[in-house]
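S.K.:
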Amino acid sequence: MNRIERRFAACRERGRKALISYITGGDPRPDATVPLLQALVEGGADILEVGIPFSDPMADGQVIQAACERALAHRVNIRRILEMVREFRVDDAHTPVVLMGYLNPIEQMGYAVFAREAATAGVDGILCVDLPPEESQSFVETLQANQLDPIWLIAPTTQAGRIHRICEVARGFVYYVSLKGVTGADSLDVSDVAVHLANIRAATRLPVGVGFGIHDAAAAGRIAAVADAVVVGSALVAQIEAHQSEPEVMYGVVRELIADMRRAMDAAVVKIALGGER
Amino acid sequence: MSSKVSIDYGEFPDAGGHFGRYGGRFVPELLMAPLEELAQAYARYREDPLFLAELEADFAHYVGRPSPLYYARRWSEQLGGARIYLKREDLNHTGAHKINNTMGQALLAARMGKTRLVAETGAGQHGVATATVAARLGLECVIYMGAADVQRQSVNVYRMRLLGAKVVAVEAGTRTLKDALNEAFRDWAANVDDTFYIIGTVAGPHPYPAMVRDFQTVIGRETRRQILEREGRLPDALVACVGGGSNAMGLFHPFLAEAGVRLYGVEAGGEGLAGGRHAAPLATGRPGVLHGNRTYLMEDADGQILPTHSISAGLDYPGVGPEHAWLKDIGRAEYVDATDREALAAFHTLTRAEGIMPALESAHALACADRLARTMTPDQIIVVNLSGRGDKDINTVAALEGMEL
Numbered sequence: 001m002n003r004i005e006r007r008f009a010a011c012r013e014r015g016r017k018a019l020i021s022y023i024t025g026g027d028p029r030p031d032a033t034v035p036l037l038q039a040l041v042e043g044g045a046d047i048l049e050v051g052i053p054f055s056d057p058m059a060d061g062q063v064i065q066a067a068c069e070r071a072l073a074h075r076v077n078i079r080r081i082l083e084m085v086r087e088f089r090v091d092d093a094h095t096p097v098v099l100m101g102y103l104n105p106i107e108q109m110g111y112a113v114f115a116r117e118a119a120t121a122g123v124d125g126i127l128c129v130d131l132p133p134e135e136s137q138s139f140v141e142t143l144q145a146n147q148l149d150p151i152w153l154i155a156p157t158t159q160a161g162r163i164h165r166i167c168e169v170a171r172g173f174v175y176y177v178s179l180k181g182v183t184g185a186d187s188l189d190v191s192d193v194a195v196h197l198a199n200i201r202a203a204t205r206l207p208v209g210v211g212f213g214i215h216d217a218a219a220a221g222r223i224a225a226v227a228d229a230v231v232v233g234s235a236l237v238a239q240i241e242a243h244q245s246e247p248e249v250m251y252g253v254v255r256e257l258i259a260d261m262r263r264a265m266d267a268a269v270v271k272i273a274l275g276g277e278r
Numbered sequence: 001m002s003s004k005v006s007i008d009y010g011e012f013p014d015a016g017g018h019f020g021r022y023g024g025r026f027v028p029e030l031l032m033a034p035l036e037e038l039a040q041a042y043a044r045y046r047e048d049p050l051f052l053a054e055l056e057a058d059f060a061h062y063v064g065r066p067s068p069l070y071y072a073r074r075w076s077e078q079l080g081g082a083r084i085y086l087k088r089e090d091l092n093h094t095g096a097h098k099i100n101n102t103m104g105q106a107l108l109a110a111r112m113g114k115t116r117l118v119a120e121t122g123a124g125q126h127g128v129a130t131a132t133v134a135a136r137l138g139l140e141c142v143i144y145m146g147a148a149d150v151q152r153q154s155v156n157v158y159r160m161r162l163l164g165a166k167v168v169a170v171e172a173g174t175r176t177l178k179d180a181l182n183e184a185f186r187d188w189a190a191n192v193d194d195t196f197y198i199i200g201t202v203a204g205p206h207p208y209p210a211m212v213r214d215f216q217t218v219i220g221r222e223t224r225r226q227i228l229e230r231e232g233r234l235p236d237a238l239v240a241c242v243g244g245g246s247n248a249m250g251l252f253h254p255f256l257a258e259a260g261v262r263l264y265g266v267e268a269g270g271e272g273l274a275g276g277r278h279a280a281p282l283a284t285g286r287p288g289v290l291h292g293n294r295t296y297l298m299e300d301a302d303g304q305i306l307p308t309h310s311i312s313a314g315l316d317y318p319g320v321g322p323e324h325a326w327l328k329d330i331g332r333a334e335y336v337d338a339t340d341r342e343a344l345a346a347f348h349t350l351t352r353a354e355g356i357m358p359a360l361e362s363a364h365a366l367a368c369a370d371r372l373a374r375t376m377t378p379d380q381i382i383v384v385n386l387s388g389r390g391d392k393d394i395n396t397v398a399a400l401e402g403m404e405l
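Protein chains in written order, with my numbering: chain A, 1 to 278; chain B, 1 to 405.
(1) Helix, strand or coil for Gly146 (chain B)? Go by DSSP, reduced to three states.
(2) Using a beta-carbon distance cut-off of less than 9 angstroms, what residues from the stretch 284 to 307 of chain B approach chain A?
(3) Spatial neighbours of Thr204 (chain A) within its chain, please: CB distance less than 6 angstroms, with the 5 preceding and 5 following residues excluded, ordered by chain position.
(4) Measure the C-alpha to C-alpha separation of Ser136 (chain A) and Phe54 (chain A) and round it to an integer number of angstroms.
(5) Which chain B residues sit within Cβ distance under 9 angstroms of Phe54 (chain A)?
(6) So, with DSSP's three-state summary, where would you put Ala67 (chain A)?
(7) Can you list, in chain order, the residues of its chain with a C-beta nearer than 6 angstroms to that of Tyr251 (chain A)? Leave out the 5 residues immediately preceding and following it.
(8) Taking only the alpha-carbon atoms, compute the straight-line gap between Gly51 (chain A) and Gly61 (chain A) and give it to the nearest angstrom.
(9) Hey, out of A:Ser245, A:Asp56, A:Asn2 and A:Pro133, whose CA is closest to Val289 (chain B)'s CA?
(10) Note down, in chain order, each residue of its chain lying with its Cβ closer than 8 angstroms to the Cβ of Lys4 (chain B), except the 5 sequence neighbours on either side.
(11) Return helix, strand or coil for Arg161 (chain B), following the three-state DSSP convention.
(12) Is Lys4 (chain B) helix, strand or coil by DSSP?
(13) In the DSSP assignment, what are the bridge partners of Arg294 (chain B)?
(14) What's the C-alpha gap between Asp48 (chain B) and Leu107 (chain B)?
(15) Look up Leu99 (chain A) in the DSSP assignment and give the residues it is bridged to.
(16) In chain A, what lies closer than 9 angstroms to Arg116 (chain B) by C-beta?
(17) State the DSSP-derived secondary structure class of Pro150 (chain A), mapped to helix, strand or coil.
(18) Touch check for the stretch 241 to 248 of chain A and the stretch 197 to 212 of chain A: three-plus C-beta pairs under 8 angstroms?
(19) Could you give the DSSP three-state label for Gly269 (chain B): helix, strand or coil?
(20) Taking 6 angstroms as the limit between beta carbons, can you name the residues of its chain near Leu153 (chain A), skipping five residues before and five after?
(21) Using a Cβ-Cβ distance under 8 angstroms, would Arg186 (chain B) count as near chain A?
(22) What did DSSP end up calling Leu36 (chain A) once you bin it into helix, strand or coil?
(23) I think Val190 (chain A) touches Val226 (chain A), with their Cβ atoms under 8 angstroms apart; what is that distance to the nearest whole Å?
(24) For the stretch 16 to 30 of chain B against the stretch 280 to 299 of chain B, are there 3 or more C-beta pairs whose distance is under 8 angstroms?
(25) Going along the stretch 20 to 36 of chain B in order, which residues come within less than 7 angstroms of chain A, judged by CB to CB distance?
(26) Measure how close the beta-carbons of Lys87 (chain B) and Asn395 (chain B) come, nearest whole angstrom, since I'm counting them as under 8 angstroms.
(27) Within the same chain, show all residues whose beta-carbon is closer than 7 angstroms to that of Leu103 (chain A), passing over the 5 residues directly before and after it, in chain order.
(28) Can you tell me where the beta strand (DSSP E) with Gly220 (chain B) in it begins and where it stops?
(29) Once you ignore the five residues that flank Ile356 (chain B) on each side, which residues in its own chain have a CB closer than 6 angstroms to its CB?
(30) Taking just the CA atoms, how far does Val98 (chain A) sit from Ala118 (chain A)?
(31) Opposite His18 (chain B) in the DSSP bridges: which residues?
(32) Using only CA atoms, which one of B:Gln153, B:Ala82, B:Ala346 and B:Asp14 lies nearest to Gln125 (chain B)?
(33) Work out the CA separation of Cys68 (chain A) and Ser67 (chain B) for me, nearest whole Å.
(34) Could you work out which residue in A:Ile78, A:Gly221, A:Gly233 and A:Asn199 is closest to Gly303 (chain B) when comparing CA atoms only?
(35) Let me see if you follow: with CB-CB separation under 8 angstroms, is Lys166 (chain B) close to chain A or not?
(36) With 8 angstroms as the threshold, decide whether the Cβ of Lys178 (chain B) is near any Cβ in chain A.
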């Protein structure tokens with residue numbers, strides 16, 4: 001069992017849903033990333049996604065594009081991100097870390113070098129947003145040879161046949177994009193999400209996380225009622241941007257936002273167990 | 001290369017949109033279904049006689065095709081080498097080759113029941129060509145343009161607004177064409193149900209490189225017929241500028257199987273390749289993945305996309321169409337560059353020698369033809385794609401020469 005499997009198993013045993021946080025590595029400065037990751041864990045995050053900054057993040061909204069630009073201003077690259085993961089692992093051997101990014105920086109580093117160094121640094125999974133399964137054979141083989149889980153997105157537009165195809169190559173968990181748009185977009189229809197989750201669960205026994213459009217604790221609670229995991233990104237990154245000049249305040253605000261979401265998710269799950277709504 | 005005679009160019013791209021190792025479809029999952037829907041619709045309508053007849057009628061009566069193939073006698077004689085013909089895409093409605101593609105894609109959008117068009121634009125030519133066909137078909141239109149380009153190209157911004165389009169200034173990244181592409185993709189991702197994204201060049205995820213090429217091959221098909229009528233033989237060389245590369249691919253493609261016709265694509269050399277301030281990914285870049293396809297890119301050692309520079313906003317892009325990347329690798333086409341200075345000189349030369357003011361993009365092709373013609377003899381023939389007219393550039397030219405209009 002790897003860290004991601006162990007974490008989902010632990011969540012199931014404790015009757016809770018997993019909370020997955022996203023921040024961009026190196027935002028707002030390289031030295032802030034490890035304290036931010038620690039604050040997220042203290043606040044109740046189960047899995048940490050760390051974004052590899054890219055100059056042209058076309059699947060992301062303005063909030064995360066701005067985060068990429070702040071990190072790139074410090075010339076943060078994959079090797080710097082891996083150093084941060086290594087540093088985080090000194091004090092935390094258990095919380096899974098997933099790197100999320102775009103293909104080009106990974107391709108320039110080389111699949112084999114990237115996968116080997118990521119595994120050595122203590123990374124558990126890779127989500128490459130602009131690499132569909134059709135183009136991914138050698139990438140997936142390289143990740144698996146290094147015990148890294150390939151994580152895939154499934155969208156509201158993904159047809160049943162493709163859902164099966166994606167789930168065949170997916171490991172760790174699958175990530176359902178809860179609305180049409182980019183990260184940080186508005187509007188979220190929980191009943192629509194539930195219908196899509198049923199289709200995905202027909203194709204895989206992997207846990208299903210839901211992200212995009214989850215801005216606050218209330219939304220996290222509503223999604224926790226139907227999904228195995230809730231992914232929150234832009235809402236955190238917006239707080240990092242707002243408090244970037246005061247690091248201690250920034251760590252505190254991020255910790256509290258995650259803790260609020262944690263409480264709302266746990267409350268929603270208890271409500272179901274007691275036969276409340278849904 | 002001895003293998004090139006055996007290549008069946010009609011077989012490319014493959015079903016996944018690959019030209020050799022280039023092309024493909026590298027997009028977020030959300031866009032996979034709409035791209036497949038587009039690929040299927042295009043595969044159907046490209047063979048539909050009614051669709052093709054409507055496109056042909058619009059080419060004839062709205063765009064003004066066929067465009068003339070003009071023998072530039074005075075300029076050719078001044079150079080004292082090959083005879084140069086100009087394919088006059090500058091005479092199309094809206095003043096460039098861009099409308100061949102926007103007309104085709106907009107008719108396809110209407111067939112697919114889409115009511116809203118989005119597009120990216122750099123200099124504004126593709127934006128104007130998209131806004132024009134949107135007005136013609138009564139479709140809503142949103143154009144994304146880098147904020148830096150909005151400032152530099154205020155006349156085209158106003159033209160688009162007159163045509164009823166909404167122009168959105170993109171403040172992210174380098175505030176230029178590549179950032180406008182990112183934003184147009186984001187809009188499409190959020191509005192896939194009613195929106196059609198008209199990409200302006202032979203780049204992007206499959207099926208765009210093949211589809212845009214097909215709509216632009218009207219340039220090469222006409223050229224072939226016209227030169228056979230005029231000269232009774234095919235030309236020795238074709239020359240076209242390459243930003244994304246749609247006017248070049250449109251001219252080249254019907255000649256790919258003719259081994260005797262040499263193909264020259266001309267990238268923007270900017271201030272010279274050595275200093276890095278240029279837009280010549282084929283000359284200086286390496287393969288990578290951006291905007292949905294694998295191709296040559298201008299990028300740093302970490303795989304971050306580099307800012308580009310060219311005197312002509314239409315060539316100011318860090319990537320290039322994947323079919324060009326492939327033609328370079330297999331040696332079928334040759335890619336060279338012309339600097340800002342050479343393009344500016346060619347702009348003046350053609351204006352004075354022939355009374356034709358070329359777009360600064362097209363002036364890069366003219367600069368290459370100038371060099372090439374001198375090495376050839378008057379029994380040889382060069383065709384240059386005069387892809388656009390230069391009226392839009394007179395403020396830029398005047399400013400470079402210290403004048404304010």
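Note that CB positions come from ideal geometry on N, CA and C, so glycine has one too. Source: prediction; values computed, not measured.
M.R.: Looking at the atomic coordinates:
(1) Locating residue 146 (chain B) in the second sequence gives position 146, counting from the first residue. Three-state result, Gly146 (chain B): strand.
(2) Arg286, Pro287, Gly288, Val289, Leu290, His291, Gly292, Arg294, Leu297, Glu299, Asp300, Ala301, Asp302, Gly303, Gln304, Ile305 and Leu306
(3) Position 204 of the first sequence, counting from 1, holds the residue named residue 204 (chain A). Here the set comprises Cys167.
(4) The residue given as residue 136 (chain A) occupies position 136 in the first sequence. The residue given as residue 54 (chain A) occupies position 54 in the first sequence. Looking at the two C-alpha atoms, the distance is approximately 19 angstroms.
(5) In the first sequence, the residue the question calls residue 54 (chain A) occupies position 54. Under the 9 angstroms cutoff, chain B gives Gly303, Gln304 and Ile305.
(6) The residue labelled residue 67 (chain A) in the question sits at position 67 within the first sequence. The three-state reading of DSSP puts Ala67 (chain A) in helix, counting H, G and I together.
(7) Numbered from 1 along the first sequence, position 251 holds the residue referred to as residue 251 (chain A). Hits under 6 angstroms: Pro35 and Ala39.
(8) As a first step, residue 51 (chain A) is located in the first sequence; it is residue number 51 there, counting from the start. As a first step, residue 61 (chain A) is located in the first sequence; it is residue number 61 there, counting from the start. Taking the straight line from one Cα to the other gives about 14 angstroms.
(9) As a position in the second sequence, residue 289 (chain B) is number 289, starting the count at 1. Nearest option by C-alpha distance: A:Asp56.
(10) Translated into positions along the second sequence, residue 4 (chain B) becomes position 4. Residue confidence is low: Lys4 (chain B) scores 47 on pLDDT, short of 50, so the model does not pin down where it sits. Its coordinate-derived value is still stated next. Ala259, Ile330, Gly331 and Arg332.
(11) The residue you call residue 161 (chain B) lines up with position 161 of the second sequence. Helix, per DSSP.
(12) By 1-based counting over the second sequence, the position of residue 4 (chain B) is 4. The predicted model places Lys4 (chain B) with a pLDDT of 47, which falls under 50 and marks its position as unreliable, so this point remains unresolved.
(13) Within the second sequence, residue 294 (chain B) is the residue found at index 294, counting from 1. Arg294 (chain B) pairs with B:Gly23 and B:Val289.
(14) Taking the first residue of the second sequence as 1, we reach residue 48 (chain B) at position 48. Taking the first residue of the second sequence as 1, we reach residue 107 (chain B) at position 107. If I take the Cα positions, the gap works out to 12 angstroms.
(15) Residue numbering aside, residue 99 (chain A) sits at position 99 when the first sequence is read from its first letter. Paired residues: A:Val50 and A:Ile126.
(16) Stepping through the second sequence from its first residue, residue 116 (chain B) is reached at position 116. Those within 9 angstroms of Arg116 (chain B) in chain A number zero; the least Cβ separation is about 14 angstroms.
(17) Counting from 1 along the first sequence, the entry for residue 150 (chain A) is found at position 150. It is a strand residue.
(18) Counting Cβ pairs under 8 angstroms, fewer than three are found: no touch.
(19) Numbered from 1 along the second sequence, position 269 holds the residue referred to as residue 269 (chain B). In the structure shown, Gly269 (chain B) sits in a strand (DSSP, three-state: E or B).
(20) Translated into the one-based positions of the first sequence, residue 153 (chain A) becomes position 153. Around Leu153 (chain A): Tyr175 and Val177.
(21) If you number the second sequence from 1, residue 186 (chain B) lands on position 186. By this cut-off, Arg186 (chain B) is an interface position.
(22) Here residue 36 (chain A) corresponds to residue number 36 of the first sequence, with the count starting at 1. Note: Leu36 (chain A) maps to helix in three-state DSSP.
(23) What you label residue 190 (chain A) is simply residue 190 of the first sequence in a count that begins at 1. What you label residue 226 (chain A) is simply residue 226 of the first sequence in a count that begins at 1. The pair is a contact, with the Cβ atoms about 6 angstroms apart (cut-off 8 angstroms).
(24) yes
(25) Gly24, Arg25, Phe26, Val27, Pro28, Glu29, Leu30, Met32, Ala33 and Pro34
(26) Taking the second sequence and counting its residues from 1, the one referred to as residue 87 (chain B) is at position 87. Taking the second sequence and counting its residues from 1, the one referred to as residue 395 (chain B) is at position 395. No, Lys87 (chain B) and Asn395 (chain B) are not in contact; Cβ-Cβ is about 26 angstroms, not under 8 angstroms.
(27) Here residue 103 (chain A) refers to the residue found at position 103 of the first sequence. Cys128, Asp130 and Leu131, listed in sequence order.
(28) The residue given as residue 220 (chain B) occupies position 220 in the second sequence. Careful: Gly220 (chain B) lies outside any beta strand (DSSP E), inside the alpha helix (DSSP H) at Val218 to Glu231.
(29) Sequence index remark: in the second sequence, residue 356 (chain B) carries index 356 (1-based). Closer than 6 angstroms at Cβ, skipping near neighbours: Leu350.
(30) As a working mapping, residue 118 (chain A) is identified with position 118 in the first sequence. As a working mapping, residue 98 (chain A) is identified with position 98 in the first sequence. Their backbone Cα atoms lie some 10 angstroms apart in a straight line.
(31) Translated into positions along the second sequence, residue 18 (chain B) becomes position 18. Partner(s): B:Gly23.
(32) Working through the second sequence from its first residue, we reach residue 125 (chain B) at position 125. Comparing Cα-Cα distances from Gln125 (chain B) to each of B:Gln153, B:Ala82, B:Ala346 and B:Asp14, the minimum goes to B:Gln153.
(33) Start at 1 with the first residue of the second sequence, and residue 67 (chain B) comes out as number 67. Start at 1 with the first residue of the first sequence, and residue 68 (chain A) comes out as number 68. C-alpha separation (whole angstroms): 46 angstroms.
(34) By 1-based counting over the second sequence, the position of residue 303 (chain B) is 303. Taking only the C-alpha atoms, the option nearest Gly303 (chain B) is A:Ile78.
(35) Looking up residue 166 (chain B) in the second sequence gives position 166. For Lys166 (chain B), the answer is no, since every Cβ of chain A falls outside 8 angstroms of its Cβ.
(36) Within the second sequence, the letter at position 178 stands for residue 178 (chain B). Yes - at least one Cβ of chain A is within 8 angstroms of the one on Lys178 (chain B).
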